[in-house]
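Trainee:
Numbering (our numbering), first residue to last: -7 to 1204.
This is the structure we're talking about:
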C-alpha cells in the first residue's frame, strides 16, 4: 500500500524525481488554464508485486508440426507429439494438457503405460523420457540418454515394465521403466540374422511381442528382414528375407499370422507354419497394365490388421496409391472383407491408429474407430457404420483453417453475448457427422468457481472472423463471419493488374469490437473498413459505401534554394484557410487518369442482398488510389457507439466518419492536424533528375536497416523487396516530374454530399514525400507464417529493428520518434531534445530514406476529455497518437438530442494541442481522480431489425462514464495514461500537467501495451520486443513485475500478443496454436483446480477366459517372467557408456512449485520418499559391492588355506 499525494496549482509542473520529460509536458499554447483543477489528489494504490506472477495457463488449437500419436484404450486419452518437442494430451471436455521437452527435440514416438498414468516419449536427440500423468501438469520423472546409438523404434507390451528399444544399428535394447536403466540383455543385430548374411539388415523399424507367446519378439528390419527372437533361448526361431523394404507389421490376434506393408505398395501375409514365402501378396491399388505388369505404387507406410467377432477383419493402411495418378490427395484405405473404401484427406497423413475395445493383443480386437493424425488436422472415423462417417471434433482444431492474421481478447463480456452468438452460429454448423459420442473421453474436468465470460476473436487471411468462447480455460467456436460476402467476387485480372492483385484481398488486419453495443469493425488489407451491426433476424439490406482519398497533393514546386533560409515553415498567416476546403470527388469527375485512380481495390455489392441473422454489414469505407499510387494500409482504428463515430488513420493522415449519417467529417493529413503547433522541423527535399526504382529504394532501406548485424526477415507471403519491381512501374515513375512528389496542405474528401466543415486555423505549407509505390494490396501478412530474427541491443540495431518491424506490421514506411534526427523548433529544453531524439551519424542515403518516410497515426481513442486547457467541462474528444510520439487532442461537438444527432452535423476542430513522448504512441486510457478506470461511453444494443410499433420513434439509449460522476469531492478533471514504445506518462486534465513519467525500456521497445484490471485495481501491462512482460502501477507508474518471458523470435508473436482484464494475455505461439498466459498471482494459485485431471482410477479390464484347450495348446505366454530374464540378477547391468540415466529434477521442481496445501504436502512427501529411495538404492548398490568383495576375499582366503593346509613350517 502506497499513498501518493500531490498538490497542483493549475500551472504546468515537472515530473516527480525530475527523470524524463520537458518541464511543460503540455501544448504549445502557453496560457495557464482557468478551468477548475483538483486541489488535492489522494489515490490509494492497492497493487503490490506480490499480486503478480507470470505462468502459462492453457494452449488451444492444433499441435504444430505433429510427428507421432499414442492412445490409452483404458484411460481413453490421446497424446500427440510434435517436431518442436511439444506434447498435447487430449481427453474429454476441458481435458487438454500441453507439455514441452526442455531440449526441444522432435518427438519420434509415444508409448502409454496403459492405465498406469504414465507416458514414454522417444525424441530425436536419442533420449527416452518418462512423463508422470497423475498430476494436472505432467512432468518428467526419468530420462535416459543414448550416446552411441540412435533410437528408431520402441515397443512396450501391455502390463509390462520392460521397454524394447530398437536402434539404427539394428540392435534391440531393453529398458526397465521403473528405474529407467538399461538391462544387460541385448539382442545384437549380428546374432539376430544368419552368420552367412553379408549385408547389414538396416535399422529396426518394428518390434512386437507375439500374441501367442510373450516370450517371442518379432523384429522387423528396414531392408526386409524379419526375425522372431526367442527371448528365453536367446536365439532366432525363424528368419524371413523379403525383397522389398518393410514399413510396418500387424499381427492377427491369434498369433499365427501377421501382415507386412512394403515400399512397393504391397501387403504380404505370412503364416508361422511356413515362413519361406508369404502365402498372400496383394497390391490394393496396383492394377495390371496391358503388358501384364503391375502399376508401380507408392509405399504403404503403415498397416493395421484388426479382427472382429461377427465379420471379416479390418485391414487399414495409408498410402499405396499408384504413381500414375498425379494430383491425388493423401488417402486412408479401409479393407473390410471384399469391400475397399478409400478416404481422401485434405492433408498428408502423419500417423493413424485403430481404437479397439480391449487392450490385450491376444483377444479379438473389435475396432470401433480409427484416429487419423494429419499434418494440419485430427479426425476420427467411425468404423461401426458402413459409410464410415467422421466424429464431430470437440477440440478447436480449425483455428488455422485460414492463416490467423490478427487476434483480440475480451474478458468480462456481457453475460448474454456468448449464448446469443452460440445460438446464431449453431444454425450454420456442418452436418453428416457420426451420431455417436467422441470416443476420446478420458480424464475429468469440473467448472471452477473462478470463471467469467471471455471471448477471443481471430481474423484470418481469407477475410473470415471467428468468435470463440474462451471461458473457463476452454475454447469453443461460437460464430463465424465472412467479410468477403460484402464484396463482389474478384474477376480474374490480366497484365499488370494480375501482378498487383494477390490471393488474399480480404485478409483481416485489425478488429474493433464493442460488446455492449455489439458494433463490430473490421480493417482489411485492401485499405477497407467494414462496420457490422448485430441482429437476431435476417433482413434485406443494401450496404452503403464511402470512398476516401486519404492523401495530400502538391501545388507549388519548392526547391532547396526557396527554403534555404527557412527550413521549417512560412509564417502561419501566409497560407490561406481556403486550402483546407474539402472537395467532393465522384467517380465521374476529373480526368480519365482520375477515373482510373478512383476505382477501389475491391468492389462493394451495390444491390439489395439477403443477410442471415448475426453480424450484418452496414457500411464499407474504402481508401482510393491517387496518381496511380495505391492507398496505404490502415494503421489505427477506433469506434465509439455512443458518439456514432469511427476514426481511422494511416501514414498519410486521419479520417473521421459519422456512421449514423454515413458521411465523412474529417479527412486531413497528419501535418494539417498540428496547426501552428508542429514540434518538428521538417526538412525539404531537393528534386531529383529521375526517380530511382522502387526496388532500389527498398533495397537501400534494407541495407541500412541491417547494416550492423546479420538479420533475416522471412515471410511466407511476401518479401520486403517484392513491393514493386516490374519494369512498367519503373518507367512510369521515371516519366513523372521530380516535383510531383511534393505535397501541399490540402486534401480532398470524396463524399458524394459535402458537409460543412469547421474552419481550421491558418498554417503554413507542409512538405513531405510519399513513400515508394506499392501494390493495392499484398497477399496477407499472416501472423501465423511470418518470422523475423531481431536481436535487441543498446546500439542502433534496436532502432533499425523497430523500423523494420513497423514495415512488417503495416506494409508502410513510417517515422519513428526515436529515429527522427532533428531539433525542436520551440520551447523544448536541451535535455528534452536530447532524450526525444536519436542522434547518430548518417550517410546521405540514410537521410534520404528518412525523408521518404511518413508520420503515421499509430493509435486512436474516443472519450470524454478536455480538448483545451481552458475547458471547464469535459466534451467528446478524439485522442490521436503518432509514430513520432506526438499526442493530439481533437474536441468534437455532438448533438445530444436523438433527432438532432441524426440530422445535424457533428463539428470537429483540431485544437492544435500537442503532448510529447519518446517513441511511437501505442495506447491511451483514462482514470478518474480516485484511480478507477473510466470506460468509454457506449450505446445499449437494440436489434435494428426487430419488429416494433412503426409510429414509435426508436431512440438510442446511451451509457456515459464521466470522471465527475465518481468523484464529487475531488473536483473536475481526470487522469490520462499515455504509453509509447519507450515511456509512459500520466497527465492531469485539463491542465495537461505531467504527474508521473517512467522510462519503460532503453535497449528495446514496447510492442503491446494496455491498461487492465487486476485484483480489483488497474495497472499498465507492457510486452517488449526483448521478451519482457512488465506491469506498472497506476497512476504512479511504479514497476510491479518485470519477467523475461518470451523473446521475440518471429513477427507472429508481435502481431498477435494482446492483454485483457483479469491478468490474462494471449499470443499465437505457432501458426496453429493460441497460448494463453496469466500474470495474476491469484489466477496462478487457482490454476491447479481449473485444469483437468488426465488420470482417473479405472479398473483394468480382465482378460478373457481362454478355455482349457486354448490354454493348453495356445502357448505358454502367461508363464513368461520378464524379470527373470531381463533383471540384473540374470542379465547383469547395462553398459553405462551406452546410455546415461538423468533424474527428472525439473519435473520434481515443477511439482513442488505447483503443489499447494495438502496436495503439496503429499507431493513433497513423495519427493522425499523418492529421494530417500534413491539414496537407499545407492546404499544397496554399495552394500552389494562390499558383499561381492567380501565373498571374493573369503574365496581366495579359503583357497590359500587349502593350499597351505598340509605343508610343514619349513616348506614355506
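Glycine is no exception: its CB is placed at the ideal position from the N, C-alpha and C atoms.
Assuming contact is defined by CB atoms lying nearer than 8 Å, are residue 527 and residue 935 in contact in what I supplied?
Mentor: yes
Trainee: Out of curiosity, what's the CA-to-CA distance linking residue 131 and residue 422?
Mentor: The straight-line gap separating the alpha-carbon atoms of residue 131 and residue 422 is approximately 38 Å.
Trainee: State the beta-bridge partners of residue 602 as determined by DSSP.
Mentor: According to DSSP, which records beta bridges pairwise, residue 602 is partnered with 532.
Trainee: Quick one, which of 1125, 535, 124 and 256 has its alpha-carbon nearest residue 276's?
Mentor: 256
Trainee: Can you give me the C-alpha to C-alpha distance between residue 974 and residue 1003, rounded to a whole angstrom?
Mentor: Rounded to the nearest whole angstrom, the CA to CA distance from residue 974 to residue 1003 is 16 Å.
Trainee: Which of the three DSSP states, helix, strand or coil, is assigned to residue 377?
Mentor: coil
Trainee: Check the C-beta distance from residue 69 over to residue 620 and give it rounded, since I have them as a contact under 8 Å.
Mentor: Rounded, the Cβ-Cβ distance is 60 Å, inconsistent with contact.
Trainee: Of all the options 631, 498 and 218, which has the alpha carbon lying nearest to the alpha carbon of residue 263?
Mentor: 218
Trainee: Have a look at the DSSP bridge pairing and note the partners of residue 468.
Mentor: 461
Trainee: Going by beta carbon distance, what residues of the same chain come within less than 6 Å of residue 468, once the five residues before and after it are set aside?
Mentor: 461
Trainee: Specify the secondary structure class of residue 427 as computed by DSSP and reduced to three states.
Mentor: coil
Trainee: Taking only three categories from DSSP, how would you classify residue 938?
Mentor: coil
Trainee: Which complete beta strand (DSSP E) runs does the segment 31 to 65 hold, if anything under 3 residues is left out?
Mentor: 33 to 37, 44 to 53 and 58 to 64
Trainee: Going by other Cβ atoms of all chains shown within 10 Å of its Cβ, with 16 needed for buried, is residue 269 buried or exposed?
Mentor: Classification of residue 269: exposed, given that the 10 Å Cβ count is below 16.
Trainee: Does the count of Cβ pairs from the segment 622 to 629 and the segment 845 to 853 closer than 8 Å reach three?
Mentor: yes
Trainee: Can you tell me whether residue 1041 is helix, strand or coil according to DSSP?
Mentor: coil
Trainee: Under 8 Å, do residue 1134 and residue 137 count as touching if we go by C-beta distance?
Mentor: Yes, the Cβ-Cβ distance between residue 1134 and residue 137 is below 8 Å.
Trainee: Where DSSP assigns a beta bridge to residue 630, which residues make up the other side?
Mentor: In the DSSP output, where bridge partners are listed per residue, residue 630 has 639.
Trainee: Would residue 950 and residue 931 be called neighbours here (beta carbons separated by less than 8 Å)?
Mentor: yes
Trainee: What distance in whole Å lies between the Cβ atoms of residue 114 and residue 146, which are believed to be in contact at a cut-off of 8 Å?
Mentor: 5 Å
Trainee: Which value, in whole angstroms, describes the spacing of the CA atoms of residue 543 and residue 628?
Mentor: 16 Å
Trainee: State the DSSP-derived secondary structure class of residue 1123, mapped to helix, strand or coil.
Mentor: helix
Trainee: Output the distance between the C-alpha atoms of residue 134 and residue 105, rounded to the nearest integer angstrom.
Mentor: 14 Å
Trainee: In angstroms, rounded to a whole number, what distance separates the CA positions of residue 522 and residue 413?
Mentor: 19 Å
Trainee: Hey, out of 856, 89, 406 and 1096, whose CA is closest to residue 387's CA?
Mentor: 89
Trainee: Apart from the five residues just before and just after residue 886, which ones in its own chain have a Cβ nearer than 6 Å to its Cβ?
Mentor: In its chain, beyond the 5 residues on either side, 635, 868 and 898 have a beta carbon closer than 6 Å to the beta carbon of residue 886.
Trainee: Residue range of the beta strand (DSSP E) that residue 894 falls in?
Mentor: From DSSP, residue 894 is part of no beta strand (DSSP E) but of the alpha helix (DSSP H) over 890 to 895.
Trainee: Count the other C-beta atoms from every protein chain shown that fall within 10 angstroms of the C-beta of residue 1129, then say buried if there are 16 or more, exposed otherwise.
Mentor: Taking all protein chains shown into account, residue 1129 has fewer than 16 neighbouring C-beta atoms within 10 Å of its C-beta and is therefore exposed.
Trainee: Between the segment 314 to 330 and the segment 152 to 163, are three or more C-beta pairs nearer than 8 Å?
Mentor: The segment 314 to 330 is not in contact with the segment 152 to 163.
Trainee: Rounded to the nearest angstrom, how far is the Cβ of residue 879 from that of residue 970, given a contact under 8 Å?
Mentor: Sure, about 6 Å apart at Cβ, within 8 Å.
Trainee: Could you tell me the alpha carbon to alpha carbon distance between residue 394 and residue 1064, rounded to whole angstroms?
Mentor: 10 Å
Trainee: Please return the same chain residues whose Cβ sits closer than 6 Å to the Cβ of residue 207, not counting the five positions on each side in sequence.
Mentor: If you ignore the 5 residues before and after residue 207, its C-beta comes within less than 6 Å of the C-beta of 223, 224 and 1112, all in its own chain and listed in chain order.
Trainee: What are the boundary residues of the beta strand (DSSP E) that includes residue 249?
Mentor: Start and end: 249 to 254.
Trainee: Which of helix, strand or coil does DSSP assign to residue 887?
Mentor: coil
Trainee: Kindly indicate which residue of 166, 516 and 638 has the alpha-carbon position closest to the one of residue 884.
Mentor: 638
Trainee: DSSP three-state label for residue 348, please.
Mentor: strand
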